[in-house]
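Just below is one structure, and these are the notes that go with it.
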Amino acid sequence: MQKTLGINSSKINFLVSTMIVINVIIGIQIAGVILMTAMLVIPPVAARQWSKKLSIVTLLSAIIGGISGAMGSIISTFDATLPTGPLIILVSGIFVLISFLFSKKGIIARNYRIYMRNKKLRLQENKGDNK
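If you use numbering that gives the first Met the number 0, the sequence shown corresponds to residues 0 to 130, in order.
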(Lines of atoms letter the chains of each structure in order from A and count residues from 1; the text may use other names and numbers.)
(Lines give C-alpha, C1' and ligand atoms only; values in the text may rest on other atoms or scores of the structure.)
Protein backbone atom coordinates (compact mmCIF):
# COMPACT_ATOMS: atom_id res chain seq x y z
CA MET A 1 0.00 0.00 0.00
CA GLN A 2 2.86 2.37 0.76
CA LYS A 3 4.25 1.95 -2.74
CA THR A 4 0.94 2.85 -4.36
CA LEU A 5 0.77 6.02 -2.24
CA GLY A 6 4.36 6.92 -3.07
CA ILE A 7 5.57 6.53 0.52
CA ASN A 8 9.05 5.21 1.15
CA SER A 9 8.29 2.52 3.73
CA SER A 10 11.94 1.66 4.38
CA LYS A 11 12.60 5.20 5.64
CA ILE A 12 9.55 5.05 7.91
CA ASN A 13 10.59 1.63 9.25
CA PHE A 14 14.08 2.93 9.92
CA LEU A 15 12.73 6.02 11.69
CA VAL A 16 10.35 4.01 13.90
CA SER A 17 13.06 1.47 14.75
CA THR A 18 15.51 4.25 15.60
CA MET A 19 12.97 5.97 17.86
CA ILE A 20 12.23 2.71 19.69
CA VAL A 21 15.94 2.02 20.21
CA ILE A 22 16.56 5.55 21.53
CA ASN A 23 13.58 5.26 23.91
CA VAL A 24 14.73 1.88 25.19
CA ILE A 25 18.32 3.04 25.74
CA ILE A 26 17.26 6.18 27.60
CA GLY A 27 14.47 4.37 29.45
CA ILE A 28 16.71 1.56 30.67
CA GLN A 29 19.17 4.07 32.06
CA ILE A 30 16.40 6.00 33.79
CA ALA A 31 13.85 3.38 34.81
CA GLY A 32 15.41 -0.06 34.47
CA VAL A 33 15.03 -3.10 32.29
CA ILE A 34 11.88 -4.54 33.85
CA LEU A 35 9.91 -1.30 33.77
CA MET A 36 10.94 -0.55 30.19
CA THR A 37 10.05 -4.04 29.03
CA ALA A 38 6.70 -3.88 30.81
CA MET A 39 5.88 -0.47 29.39
CA LEU A 40 6.74 -1.63 25.86
CA VAL A 41 4.67 -4.83 26.10
CA ILE A 42 1.74 -4.37 28.50
CA PRO A 43 -0.10 -1.34 27.00
CA PRO A 44 -0.21 -2.82 23.48
CA VAL A 45 -1.48 -6.13 24.88
CA ALA A 46 -4.33 -4.32 26.63
CA ALA A 47 -5.06 -2.13 23.59
CA ARG A 48 -5.07 -5.10 21.21
CA GLN A 49 -8.08 -6.54 23.04
CA TRP A 50 -10.18 -3.55 21.96
CA SER A 51 -9.26 -3.23 18.27
CA LYS A 52 -7.48 -4.84 15.34
CA LYS A 53 -6.61 -1.56 13.59
CA LEU A 54 -3.00 -0.52 14.12
CA SER A 55 -3.83 3.18 14.44
CA ILE A 56 -6.39 2.56 17.18
CA VAL A 57 -4.14 0.08 18.99
CA THR A 58 -1.29 2.60 18.88
CA LEU A 59 -3.45 5.40 20.23
CA LEU A 60 -5.01 3.24 22.96
CA SER A 61 -1.59 1.89 23.87
CA ALA A 62 -0.23 5.41 24.32
CA ILE A 63 -3.25 6.41 26.41
CA ILE A 64 -3.01 3.29 28.60
CA GLY A 65 0.74 3.78 29.05
CA GLY A 66 0.31 7.44 29.95
CA ILE A 67 -2.50 6.79 32.40
CA SER A 68 -0.57 3.90 33.96
CA GLY A 69 2.51 6.05 34.42
CA ALA A 70 0.54 8.94 35.88
CA MET A 71 -1.56 6.79 38.20
CA GLY A 72 1.44 4.76 39.41
CA SER A 73 3.34 7.98 40.13
CA ILE A 74 0.39 9.58 41.90
CA ILE A 75 -0.22 6.50 44.05
CA SER A 76 3.46 6.35 45.04
CA THR A 77 3.36 9.97 46.22
CA PHE A 78 0.76 9.07 48.86
CA ASP A 79 3.12 6.59 50.53
CA ALA A 80 6.88 7.10 50.30
CA THR A 81 7.51 3.39 50.94
CA LEU A 82 5.76 2.38 47.70
CA PRO A 83 8.15 2.29 44.73
CA THR A 84 6.93 4.03 41.60
CA GLY A 85 8.08 1.50 38.97
CA PRO A 86 6.24 -1.54 40.32
CA LEU A 87 3.11 0.55 40.87
CA ILE A 88 3.17 1.63 37.22
CA ILE A 89 3.44 -2.01 36.16
CA LEU A 90 0.64 -2.95 38.57
CA VAL A 91 -1.69 -0.29 37.15
CA SER A 92 -0.81 -1.46 33.61
CA GLY A 93 -1.62 -5.01 34.67
CA ILE A 94 -5.01 -3.85 35.93
CA PHE A 95 -5.68 -2.36 32.48
CA VAL A 96 -4.80 -5.72 30.89
CA LEU A 97 -7.10 -7.55 33.30
CA ILE A 98 -9.96 -5.15 32.58
CA SER A 99 -9.33 -5.54 28.84
CA PHE A 100 -9.29 -9.35 29.04
CA LEU A 101 -12.58 -9.29 30.95
CA PHE A 102 -14.64 -6.55 29.32
CA SER A 103 -13.52 -6.05 25.71
CA LYS A 104 -15.46 -7.39 22.72
CA LYS A 105 -13.12 -10.38 22.69
CA GLY A 106 -13.04 -10.58 26.48
CA ILE A 107 -14.05 -13.41 28.75
CA ILE A 108 -17.31 -11.86 29.91
CA ALA A 109 -18.43 -10.92 26.39
CA ARG A 110 -17.52 -14.39 25.08
CA ASN A 111 -19.43 -16.14 27.87
CA TYR A 112 -22.42 -13.87 27.28
CA ARG A 113 -22.42 -14.72 23.56
CA ILE A 114 -22.25 -18.43 24.41
CA TYR A 115 -25.08 -18.06 26.92
CA MET A 116 -27.28 -16.22 24.40
CA ARG A 117 -26.53 -18.78 21.65
CA ASN A 118 -27.43 -21.66 23.98
CA LYS A 119 -30.58 -19.86 25.08
CA LYS A 120 -31.59 -19.37 21.44
CA LEU A 121 -30.90 -23.04 20.68
CA ARG A 122 -33.01 -24.13 23.68
CA LEU A 123 -35.88 -21.93 22.48
CA GLN A 124 -35.65 -23.44 18.99
CA GLU A 125 -35.60 -26.97 20.44
CA ASN A 126 -38.66 -26.18 22.59
CA LYS A 127 -40.54 -24.87 19.54
CA GLY A 128 -39.69 -28.06 17.68
CA ASP A 129 -40.93 -30.24 20.56
CA ASN A 130 -44.30 -28.44 20.75
CA LYS A 131 -45.27 -29.33 17.15
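Positions of the beta carbon are idealized from the N, C-alpha and C atoms, including for glycine.
Beta-carbon separation (whole angstroms), residue i vs residue j, contact threshold 8 Å
i: GLY68; j: ILE87; result: 5 Å
i: GLY71; j: VAL90; result: 5 Å
i: ILE63; j: PRO42; result: 4 Å
i: PHE94; j: ALA45; result: 4 Å
i: GLY84; j: GLY31; result: 6 Å
Distance, residue j Cα to residue i Cα
i: ALA108; j: LYS126; result: 27 Å
i: TYR114; j: GLN48; result: 21 Å
i: ILE27; j: MET35; result: 6 Å
i: TYR111; j: LYS119; result: 12 Å
i: SER8; j: SER54; result: 16 Å
i: ASN117; j: THR57; result: 36 Å
i: LEU59; j: GLU124; result: 43 Å
i: ILE97; j: ASP78; result: 25 Å
i: SER50; j: THR76; result: 33 Å
i: LEU39; j: ILE73; result: 21 Å
i: ILE21; j: ILE29; result: 12 Å
Exercise for the section: Any chance you could list the alpha helix (DSSP H) runs of at least 4 consecutive residues sitting entirely within the segment 51-103, in chain order? Expected result: 53-77 and 83-101
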